[in-house]
Amino acid sequence: MTLLADLFIDGMWRPGGGGERFDVIDPSDLSVITRFAAATEDDCMAAVDAAAEAQTSWAATAPRERGELLRAAYDVLTEEVERFAEIIVRENGKSWSDAIGEANYAKEFFRWFAEEAVRIPGEYRLSPAGDKRIVVDRQPIGVSLLITPWNFPAAMATRKLAPALAAGCTTILKPARETPLTAAYMVEVLRRVGLPSGVVNLVTPVPTAAPVAKMINRPEVRKLSFTGSTEVGRDLLHVCADSVVSASMELGGNAPLIVLPGADMDVTVEGTLLAKMRNGGAACTAANRVYVHSSRHDEFVERLTAELAALSVGPGLDRSRQVGALVSIAERDKVAALVETAVSEGATLVHGGKSAEQGAFYDVTLLTDVRHGSGITRTEIFGPVVTVVRYDDVDEAVRMANDTVYGLMAYVFGEEREAMAVAGRLDAGMVAVNRGVVSDPAAPFGGVKQSGLGREGGSDGILEFLEEKYIALTAH
Ligand code: NAD
């Protein structure tokens, strides 16, 4: 398979100005897939120039035309979904079913926002005093910098590209260094369907921080949409403050999963597997801490252990495996260290707990007797590790669930009325009741507290890339 591994600036693929390249590694065997062009600061400035040059004409393009280009990209990605998934697997390491799931989810953002492009709302009304007509128009915010992480290299990019392009904004996409190939493939699809030059640009600056800050501080750049860790998001908010750039932040999570006394155990075990093992646990929405009522604890642990034992960990291109590799040896070692510390602090290792000899694989793992407040309940695990905390009182479970600086996602399993009541008390931007997955392009995705600012997807996603303009008319 030929893989694009260059920068895309002003409608052209080209190497970085400094001639440097960096390795893109296959985490399943640590082989070098290819060497990707490293962008210099000048390349990043050229990308901003190209996006700024294209902004006026792209904003003036008919919404229907913008929508049709996005729809055409959706159609190509549908036709090429296996190729799309294969690129994701090779550089990210996830399982085949996770990659197909991500490819399908990712392309849906193009279809959803193709339909939203033609429904941008405005207002027209008489002022309370009756002296003027208030017209509120929504206009594209302008050149948008989109920064994405490695864990969902396709979906995190389309969740930003699709609404930005639908709104009439030109874009600069900066993927994670571990996973630039998926981004390059999607940008090429947008070129193939006829997106004009300069409307989407792709840069991979090495090192990263200084060129990114310089891009944010160019006056033409009016929006930063970032998905990644809370630490980096916080630093970038400081950078945005310097030139008062609008920022949307999708940051880290530490999702609790509460099993109530009345939970249906079939639904709960199946939901927990999805909430935890999807993407090998490397998801901001992954259930990080499972709080199980004492009356159901042993049954839950026994049933879950049996399900975990049936999962096979291995290379994503082997379609029989359910769990793939972590993105790098460094990520695998972080997970291993968290488990080791938890065990040294008194947790019981019920299943798994080992790194593979070769490749960035870590066993599916189950820890019980975990103490709420210990390190593993405070940190995003980002690996296939279930941690179980026992509780006796539902109020106590809610208190522990909310005892985190994060507030992205939460899960509740139980009798529906009780589960809904608990869902209402959880500090999270999203709550799944009796199910393991919530993500849907048609629903608002985002967090509270230190999990972020703003929402992606749904009908709000496009608003992040639009600015309101109030025009006053004299009423006659
Ligand atoms: P990261 O913060 O290390 O990197 C994210 C992106 O920022 C990458 O493109 C990276 O190259 C870039 N970056 C890193 N340092 C930078 C700097 N100083 N200046 C500018 N850019 C910089 O995150 P990651 O390890 O790639 O991804 C994992 C994190 O992402 C987890 O915390 C996870 O919870 C979070 N995440 C959140 C969501 C969400 O929607 N809330 C979704 C997926 C992942």
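Quick note, the sequence shown lines up with residues 1 to 476 if you use the UniProt record's numbering.
Virtual Cβ for every residue (Gly too), placed ideally from N, Cα, C.
Residue i versus residue j - alpha carbon distance
i    : j    : result
L126 : V48  : 40 Å
F445 : E468 : 22 Å
A330 : E123 : 51 Å
V135 : T474 : 11 Å
P27  : A106 : 22 Å
S31  : V24  : 9 Å
A410 : D131 : 49 Å
K94  : D393 : 37 Å
V433 : F152 : 24 Å
A423 : I258 : 10 Å
R425 : F226 : 28 Å
V292 : G454 : 31 Å
G281 : S144 : 30 Å
D264 : E307 : 16 Å
K354 : S374 : 20 Å
M12  : S197 : 8 Å
E464 : E456 : 8 Å
T2   : N92  : 17 Å
Q358 : E345 : 28 Å
A419 : P261 : 10 Å
R192 : Y185 : 10 Å
M430 : A443 : 10 Å
G18  : C240 : 27 Å
Beta-ladder partner(s) of residue i, from DSSP
i    : result
E456 : F445
I216 : Answer is none; I216 lacks a bridge partner.
E86  : Partner(s): none; E86 has no beta bridge.
P140 : L466
A410 : V431
K132 : T474
A255 : A287
L7   : R14
Y362 : S355
P205 : A39
T368 : T348
I147 : K174 and F226
V313 : V323
Unbroken beta strand (DSSP E) run spanning residue i, endpoints
i    : result
M249 : S246 to E250
D23  : R21 to D26
N201 : V200 to L202
A423 : That residue, A423, is in no beta strand (DSSP E); its alpha helix (DSSP H) goes E416 to G424.
V431 : M430 to V433
W13  : M12 to R14
R222 : V221 to T227
V32  : S31 to A37
E123 : E123 to L126
H351 : T348 to H351
K174 : T171 to K174
Spatially closest choice to residue i from the options, by CA coordinates
i    : options                   : result
I119 : R64, D427 and E79         : Note that residue 119 is Arg in the sequence shown, not Ile. It is R64 whose Cα lies nearest to the Cα of R119.
K276 : L304, D242 and L251       : L304
L7   : E302, V323 and L173       : L173
G452 : G252, W150 and D137       : G252
R218 : G383, H238 and A52        : A52
F361 : V370, D369 and G383       : G383
A428 : V203, P441, E415 and V405 : V405
L274 : V323, V301, D318 and G11  : V323
A209 : R332, L237 and E220       : L237
E80  : T182, C44, S248 and L146  : T182
D29  : E380, G314 and T341       : G314
V232 : S248, V244 and E220       : S248
A164 : S57, G461, A283 and L202  : G461
T171 : V290, Q55, V239 and V389  : Q55
R161 : V244, H476, L202 and T179 : The sequence given here has Leu at residue 161, not Arg. Checked all of V244, H476, L202 and T179; the closest Cα to L161 is L202.
T377 : M45, V212 and A286        : A286
F300 : G194, E188 and F413       : F413
L77  : G101, T61, R90 and A60    : G101
V199 : L69, W112 and E270        : L69
Range of the contiguous alpha helix (DSSP H) that encloses residue i
i    : result
Q55  : E41 to A60
P180 : P180 to R192
K334 : I329 to S344
F300 : S294 to A309
D427 : Note, D427: premise wrong, no alpha helix (DSSP H); not H, not E.
L466 : Element bounds for L466: not the alpha helix (DSSP H) but the beta strand (DSSP E), L466 to T474.
V389 : That residue, V389, is in no alpha helix (DSSP H); its beta strand (DSSP E) goes V385 to Y391.
G233 : T230 to D242
E380 : Where E380 is concerned, there is no enclosing alpha helix (DSSP H), given that its DSSP letter is neither H nor E.
S97  : W96 to E116
Chain D within 8 Å of residue i, Cβ atoms only
i    : result
H238 : Checking the listed chains, one finds no chain D in this structure; it contains a single protein chain.
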